[in-house]
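*Asks:* One structure, as structure tokens, below. Some questions next.
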Amino acid sequence: MPGRLTEPNFKHITTKELHSTFVAEIQGVDFSKPVEPGVFSEIYAALAKYGVCVFRATGLDDTRHVEFSPKFPYLELFDAGNLDENGDVIGVDSQRAHYNKGNGLWHVDSSFNPRRASYSLLLAHSIPPPGSGGSTFFADTRTAYDTLPSPLKTELDTNDYIAAHSLFHSRKLGSPTYFSDLDPLAHKMTRHKILQTHEPSGRKNLYIAKHAHHIEGVSAEKSEQILEGLIDWATRKEGVCEVLWEQEGDLVIWDNTCVMHRAGGGSFEGVYKRDMRRTTVHDASSTAWG
Numbered sequence: 182m183p184g185r186l187t188e189p190n191f192k193h194i195t196t197k198e199l200h201s202t203f204v205a206e207i208q209g210v211d212f213s214k215p216v217e218p219g220v221f222s223e224i225y226a227a228l229a230k231y232g233v234c235v236f237r238a239t240g241l242d243d244t245r246h247v248e249f250s251p252k253f254p255y256l257e258l259f260d261a262g263n264l265d266e267n268g269d270v271i272g273v274d275s276q277r278a279h280y281n282k283g284n285g286l287w288h289v290d291s292s293f294n295p296r297r298a299s300y301s302l303l304l305a306h307s308i309p310p311p312g313s314g315g316s317t318f319f320a321d322t323r324t325a326y327d328t329l330p331s332p333l334k335t336e337l338d339t340n341d342y343i344a345a346h347s348l349f350h351s352r353k354l355g356s357p358t359y360f361s362d363l364d365p366l367a368h369k370m371t372r373h374k375i376l377q378t379h380e381p382s383g384r385k386n387l388y389i390a391k392h393a394h395h396i397e398g399v400s401a402e403k404s405e406q407i408l409e410g411l412i413d414w415a416t417r418k419e420g421v422c423e424v425l426w427e428q429e430g431d432l433v434i435w436d437n438t439c440v441m442h443r444a445g446g447g448s449f450e451g452v453y454k455r456d457m458r459r460t461t462v463h464d465a466s467s468t469a470w471g
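Going letter by letter, the sequence shown gives residues 182 to 471 in the working numbering.
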């Protein structure tokens, strides 16, 4: 059962907070060998507290990335970079580039799948030059709920709002002209409650994303007002943290059930490689299935 998170007492790792309410850089993990159970337990605890954990210069390659990830059960593999099958940078007007524009919107991974994602583990294999963009931005959706204006918080507490999520919807939002003929309503959607309890911490959380097409049982106008209002609130400057990729081997792990994220653009697009590879973990919480 979910319960209020107690302050972790770390013996193996140290943390450097990158934001006042979430996100921390984690030190003290030796990725050159199998991670000990006690260390891994502290990584879990850090994720419950911070939502996003950053590990610098891990030295991980594909093999060890995948070997480490099964410590989180129910694994999926994704290519999250800007390279084609030959390892070349994709053109800015290619089909994949238009598809990837949806990744620049605020979202959580796989909310559109029957079983949503919990943790994502993103590893940098090649990063653009400094100053050319390519950061990843995160938004704290637990603190977003905590700080909601009272009338809106009461409305969410009173109404059991359920949002329908669609990958096709976010792709069309990202590149509306390119996907003008795409009708999200022609495809099956998954459904998740907007207000949830984040089970690892026991805190209430807003499960929102640009994948959310509509709220069931309310007018289209009210649905858009609520969804856009919540995302705007959660992504105010004070609730967002930009994570810079400093070198190959940087690893960021985040919990999709308590943070949103988006890919940052920049002058690197269509010019420099940004080779990012992600493993994603199926959620095992009581609200995993949509």
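Glycine included, every Cβ here is placed at the ideal spot set by N, Cα and C.
These figures come from a predicted structure and were not determined experimentally.
Could you tell me which uninterrupted alpha helix (DSSP H) segments, each at least 4 residues in length, are contained entirely in the segment 291 to 376, listed from first to last along the chain?
*Replies:* Fully enclosed alpha helix (DSSP H) runs of 4 or longer: 322 to 327, 331 to 339, 348 to 355.
*Asks:* Under 9 angstroms, do Ala238 and Asp456 count as touching if we go by C-beta distance?
*Replies:* The count along the sequence shown starts at 1 and reaches residue 238 at position 57. The count along the sequence shown starts at 1 and reaches residue 456 at position 275. It is not a contact, given that the beta carbons lie outside the stated cut-off.
*Asks:* When you compare each of Asp321, Tyr231, Val233 to Glu419 by their alpha carbons, which one comes out closest?
*Replies:* Locating residue 419 in the sequence shown gives position 238, where the first residue counts as 1. The residue with the shortest Cα to Cα distance from Glu419 is Asp321.
*Asks:* DSSP on Ile224, reduced to helix/strand/coil?
*Replies:* Looking up residue 224 in the sequence shown gives position 43. In this structure, Ile224 counts as helix in the three-state DSSP scheme.
*Asks:* Please state whether DSSP places Arg237 in a helix, a strand or coil.
*Replies:* As a working mapping, residue 237 is identified with position 56 in the sequence shown. The answer is coil: DSSP assigns Arg237 none of H, G, I, E or B.
*Asks:* Could you have a look at Ala469 and say whether DSSP puts it in helix, strand or coil?
*Replies:* Residue mapping note: residue 469 aligns to position 288 of the sequence shown, counting from 1. Three-state result, Ala469: coil.
*Asks:* If Ile271 and Cys234 are in contact, beta carbons under 8 angstroms, what's the gap, nearest whole angstrom?
*Replies:* By 1-based counting over the sequence shown, the position of residue 271 is 90. By 1-based counting over the sequence shown, the position of residue 234 is 53. Their Cβ separation, rounded to whole angstroms, is 29 angstroms, which puts Ile271 and Cys234 out of contact at 8 angstroms.
*Asks:* With burial defined as no fewer than 16 other Cβ atoms inside 10 Å of the residue's Cβ, what is the status of Lys214: buried or exposed?
*Replies:* Mapped onto the sequence shown, residue 214 falls at position 33. Burial call: exposed.
*Asks:* For Arg323, tell me which candidate among Asp290, Ser250, Ile389 has the shortest Cα-Cα distance.
*Replies:* For this step, residue 323 is matched to residue 142 along the sequence shown. Of the candidates Asp290, Ser250, Ile389, the one whose C-alpha sits nearest the C-alpha of Arg323 is Ile389.
*Asks:* Do you know offhand how far Arg458's Cα is from Leu348's?
*Replies:* The residue labelled residue 458 in the question sits at position 277 within the sequence shown. The residue labelled residue 348 in the question sits at position 167 within the sequence shown. Answer to the nearest angstrom: the Cα atoms are 20 angstroms apart.
*Asks:* Taking the C-alpha atoms as reference points, what is the distance between Ser222 and Trp287?
*Replies:* Working through the sequence shown from its first residue, we reach residue 222 at position 41. Working through the sequence shown from its first residue, we reach residue 287 at position 106. Roughly 29 angstroms separates the two Cα atoms.
*Asks:* With 16 as the cutoff for other CB atoms within 10 Å, does Gly184 come out buried or exposed?
*Replies:* Residue 184 sits at position 3 when you count from the first residue of the sequence shown. Because Gly184 sits at a pLDDT of 44, beneath the cut-off of 50, its placement in the model cannot be relied upon, and the following sentence gives the value as read from the coordinates. Answer is exposed; the Cβ neighbour count stays below 16.
*Asks:* Given that a residue counts as buried once 16 or more other Cβ atoms are within 10 Å of its Cβ, and exposed if not, what is Asn190?
*Replies:* In the sequence shown, counting from the first residue as 1, residue 190 sits at position 9. Counting Cβ neighbours within 10 Å, Asn190 comes out exposed, since fewer than 16 surround it.
*Asks:* On the DSSP letters alone, give me the boundaries of the beta strand (DSSP E) that Lys197 sits inside.
*Replies:* Stepping through the sequence shown from its first residue, residue 197 is reached at position 16. From DSSP, the beta strand (DSSP E) with Lys197 extends over 195 to 198.
*Asks:* For the beta strand (DSSP E) holding Asn386, just list the boundary residues, first then last.
*Replies:* Indexing the sequence shown from 1 puts residue 386 at position 205. Where Asn386 is concerned, the enclosing beta strand (DSSP E) stretches over 384 to 387.
*Asks:* Below 9 angstroms between beta carbons: does that hold for Ser356 and His279?
*Replies:* Against the sequence shown, residue 356 aligns to sequence position 175. Against the sequence shown, residue 279 aligns to sequence position 98. It is a contact, given that the beta carbons lie within the stated cut-off.
*Asks:* Below 8 angstroms on the Cβ atoms is my guess for Ile375 versus Leu387; work out the distance and round it to an integer in Å.
*Replies:* Taking the sequence shown and counting its residues from 1, the one referred to as residue 375 is at position 194. Taking the sequence shown and counting its residues from 1, the one referred to as residue 387 is at position 206. That belief holds up - the Cβ atoms of Ile375 and Leu387 are roughly 6 angstroms apart, short of 8 angstroms.
*Asks:* I'd like to confirm the pairing. Which residues does DSSP put opposite Leu264 in its beta bridges?
*Replies:* Position 83 of the sequence shown, counting from 1, holds the residue named residue 264. The partner list for Leu264 (beta bridge, DSSP) reads Val270.
*Asks:* Which residue comes first and which comes last in the beta strand (DSSP E) that contains Arg443?
*Replies:* Walking along the sequence shown from the start, residue 443 turns up at place 262. Looking at the DSSP string, the run of the beta strand (DSSP E) that includes Arg443 is 440 to 444.
*Asks:* Looking only at its own chain, which residues have a Cβ that is under 6 angstroms from the Cβ of Asp431, when we skip the five neighbours before and after it?
*Replies:* Counting from 1 along the sequence shown, the entry for residue 431 is found at position 250. Closer than 6 angstroms at Cβ, skipping near neighbours: Arg237, Ala305.
*Asks:* Which residue comes first and which comes last in the alpha helix (DSSP H) that contains Trp414?
*Replies:* Residue 414 sits at position 233 when you count from the first residue of the sequence shown. Its alpha helix (DSSP H) spans residues 401 to 415.
*Asks:* His463 by DSSP, collapsed to three states: which one?
*Replies:* As a working mapping, residue 463 is identified with position 282 in the sequence shown. Strand, per DSSP.
*Asks:* Under the rule that 16 or more other beta-carbon atoms within 10 Å means buried, what is Pro381, buried or exposed?
*Replies:* One-based indexing of the sequence shown puts residue 381 at position 200. Buried, since its Cβ has 16 or more Cβ neighbours within 10 Å.
*Asks:* Quick one: Cα of Tyr453 to Cα of Asp413, how far?
*Replies:* Locating residue 453 in the sequence shown gives position 272, counting from the first residue. Locating residue 413 in the sequence shown gives position 232, counting from the first residue. Taking the straight line from one Cα to the other gives about 31 angstroms.
*Asks:* Verify whether the separation of the beta carbon atoms of Gly285 and Ala444 is less than 9 angstroms.
*Replies:* Within the sequence shown, the letter at position 104 stands for residue 285. Within the sequence shown, the letter at position 263 stands for residue 444. In this structure, Ala444 lies closer than 9 angstroms to Gly285 by Cβ.
*Asks:* Could you spell out the range, first to last residue, of the beta strand (DSSP E) harbouring His394?
*Replies:* On the sequence shown, position 213 is the one that residue 394 refers to. It spans 393 to 396 - the beta strand (DSSP E) in which His394 sits, taken as one unbroken run.
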